[in-house]
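> For what it's worth, the UniProt record's numbering labels the leading residue of the sequence shown as 1, then goes sequentially. Glycine residues also receive a C-beta, built at the ideal position from the N, C-alpha and C atoms. Below is the structure I would like to discuss, written out as structure tokens.
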Amino acid sequence: MKIRVGSRGSKLAIAQAQIFLESVKEKHKEFEYEIKIIKTTGDKIQDVSLDKIGDKGVFVKEIEESLIEGTIDLAVHSMKDMPSAIPEELMFSAIPKREDPRDALILNYGRKGLDELPMGAVIATGSKRREYQLLRYRPDIKIVPIRGNIDTRIRKMYEQNLDGLVIAAAGLNRLKIKSDIKQNIILLDEELMLPAPAQGALGLEIRKNDKELDDVLRLVEDYESAVQIRAEREFLKEIDGGCHLPIGALCKVEGENILLVGLLGNEDGKILVKRKIEGKAEDAEMLGIKLARIIKGEMPK
Numbered sequence: 001m002k003i004r005v006g007s008r009g010s011k012l013a014i015a016q017a018q019i020f021l022e023s024v025k026e027k028h029k030e031f032e033y034e035i036k037i038i039k040t041t042g043d044k045i046q047d048v049s050l051d052k053i054g055d056k057g058v059f060v061k062e063i064e065e066s067l068i069e070g071t072i073d074l075a076v077h078s079m080k081d082m083p084s085a086i087p088e089e090l091m092f093s094a095i096p097k098r099e100d101p102r103d104a105l106i107l108n109y110g111r112k113g114l115d116e117l118p119m120g121a122v123i124a125t126g127s128k129r130r131e132y133q134l135l136r137y138r139p140d141i142k143i144v145p146i147r148g149n150i151d152t153r154i155r156k157m158y159e160q161n162l163d164g165l166v167i168a169a170a171g172l173n174r175l176k177i178k179s180d181i182k183q184n185i186i187l188l189d190e191e192l193m194l195p196a197p198a199q200g201a202l203g204l205e206i207r208k209n210d211k212e213l214d215d216v217l218r219l220v221e222d223y224e225s226a227v228q229i230r231a232e233r234e235f236l237k238e239i240d241g242g243c244h245l246p247i248g249a250l251c252k253v254e255g256e257n258i259l260l261v262g263l264l265g266n267e268d269g270k271i272l273v274k275r276k277i278e279g280k281a282e283d284a285e286m287l288g289i290k291l292a293r294i295i296k297g298e299m300p301k
């Protein structure tokens, strides 16, 4: 069984696809794959912030078109890049085990934490969610935008003498970058920095009629990760805010129960509403919707 797999061309996209696909091969010995690199709009336009060039779909549209056309059989995405709705011809298959969902702060000049940063320190991030949560903790910090792959962002931090950079911990782990600059990385607790919905998870997108491939991929489904993603994605879908609003969500699973925390802010970050809800894991989607409605109900009209 040879599968044509679509992926963005960054080191991270290829690495996470390969890590996942090798795990499938361990369970399904006859499984073979070929990775096809597909350049997306988000990859082509590097000098404009995401909320200016479109919505989350800028990183997946061309890959989804290839999937629908049949030139690839499987797309491996970072789930946090996925829009809340996908084309009707497509579906998500299994949810493999999630990487660390937290954000990481890479600090320059040998500093060990946020509290060691001087007044007016300059931190880079391209995310409103990260920017506004950081400013809530340290209003004196100056935030500057940044785009590019992980290596590029780290290089820019040093070249531009920035004090720090916020990035997803999952990417650092998958590229094994943490071990190289370990002394400069701190993981941000979700109390300070709630991650993006589905951050650290992979989205395995296939055609709806491809039952054979779906059956193969289901062998690597991780129950806890699947519950988390169902809750967080439904929260995102009900919020319906795209890249233009700061949105965060994190679900924790404890046996048959879950705790879901959600965050929504307005465009300038002056208002951030953060609430949580508890319930049964089997009701993950319903709880995601309910929490989103609670939070939206508290936002000023």
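#1: Straight-line CA distance for M286 to L250?
#2: Note down, in chain order, each residue of its chain lying with its Cβ closer than 8 Å to the Cβ of Y158, except the 5 sequence neighbours on either side.
#3: Please indicate yes or no: does the CB of A169 lie closer than 7 Å to some heavy atom of the ligand GDP?
#4: The beta strand (DSSP E) spanning I289 covers which residue range?
#5: Give me, in chain order, the residues of the same chain whose beta-carbon lies closer than 7 Å to that of A94; leave out the 5 immediate sequence neighbours on both sides.
#6: From which residue to which residue does the beta strand (DSSP E) around R275 run?
#7: Does DSSP put I53 in a helix, a strand or coil?
#8: Compare the beta carbon distance of F20 and M1 with 8 Å and say whether it is the shorter of the two.
#9: When you compare only the Cα positions, how much space is there between R130 and I123?
#10: Is it right to say E64 is buried, meaning 16 or more other beta carbons lie within 10 angstroms of its own, or is it exposed?
#11: Exposed or buried, which one is E99 when buried takes at least 16 other CB atoms within 10 Å?
#12: Return the CA-CA distance between Q199 and A168, expressed in angstroms with no decimal places.
#13: A170 bridges to which residues according to DSSP?
#14: Tell me whether the beta-carbon of K280 lies closer than 8 Å to the beta-carbon of L259.
#15: Helix or strand or just coil, what does DSSP make of A17?
#16: Which runs of the alpha helix (DSSP H), 4 residues or longer, sit entirely within the stretch 116 to 177?
#17: Which of the three DSSP states, helix, strand or coil, is assigned to M1?
#18: What residues are listed by DSSP as bridge partners for K237?
#19: Thinking L117 and I141 are a contact (beta carbons under 8 Å), I'd like their distance in whole angstroms, please.
Per the coordinate set shown:
#1: Within the sequence shown, numbered from 1, the residue matching residue 286 stands at position 286. Within the sequence shown, numbered from 1, the residue matching residue 250 stands at position 250. So the alpha carbons of these two residues sit roughly 15 Å apart.
#2: Here residue 158 corresponds to residue number 158 of the sequence shown, with the count starting at 1. Taking Y158 as the centre and dropping the five residues before and after it, the same chain places the C-beta of N108 closer than 8 Å to its C-beta, in chain order.
#3: Of ligands this structure carries none, so the ligand GDP is not represented either.
#4: Taking the sequence shown and counting its residues from 1, one reaches residue 289 at position 289. Here I289 belongs to no beta strand (DSSP E); instead the alpha helix (DSSP H) covers A284 to E298.
#5: For this step, residue 94 is matched to residue 94 along the sequence shown. L204, L217, R218, V220 and E221, listed in sequence order.
#6: Within the sequence shown, residue 275 is the residue found at index 275, counting from 1. Run containing R275: L272 to K280, per the beta strand (DSSP E) assignment.
#7: Here residue 53 refers to the residue found at position 53 of the sequence shown. Its pLDDT being 49, under 50, I53 is placed unreliably in this model, and the coordinates cannot settle the point.
#8: Mapped onto the sequence shown, residue 20 falls at position 20. Mapped onto the sequence shown, residue 1 falls at position 1. For F20 and M1, no; Cβs fall outside 8 Å.
#9: Here residue 130 corresponds to residue number 130 of the sequence shown, with the count starting at 1. Here residue 123 corresponds to residue number 123 of the sequence shown, with the count starting at 1. Computed Cα separation, rounded: 10 Å.
#10: Locating residue 64 in the sequence shown gives position 64, where the first residue counts as 1. Per the 10 Å Cβ criterion, buried.
#11: For this step, residue 99 is matched to residue 99 along the sequence shown. That one is buried.
#12: As a working note, residue 199 is residue 199 in the sequence shown. As a working note, residue 168 is residue 168 in the sequence shown. Between the alpha carbons of Q199 and A168 lies a distance of about 8 Å.
#13: Here residue 170 refers to the residue found at position 170 when the sequence shown is read from its first residue. Its beta-bridge partners do not exist; DSSP assigns none.
#14: Against the sequence shown, residue 280 aligns to sequence position 280. Against the sequence shown, residue 259 aligns to sequence position 259. No.
#15: Against the sequence shown, residue 17 aligns to sequence position 17. It is helical.
#16: 128 to 137, 150 to 159 and 169 to 174
#17: Reading the sequence shown from its first residue, position 1 is the one you call residue 1. Three-state result, M1: coil.
#18: In the sequence shown, counting from the first residue as 1, residue 237 sits at position 237. K237 pairs with nothing; no bridge assigned.
#19: Here residue 117 is taken as the residue at index 117 of the sequence shown, counted from 1. Here residue 141 is taken as the residue at index 141 of the sequence shown, counted from 1. Between I141 and L117 the Cβ distance is about 7 Å, and since that is below 8 Å, they are a contact.
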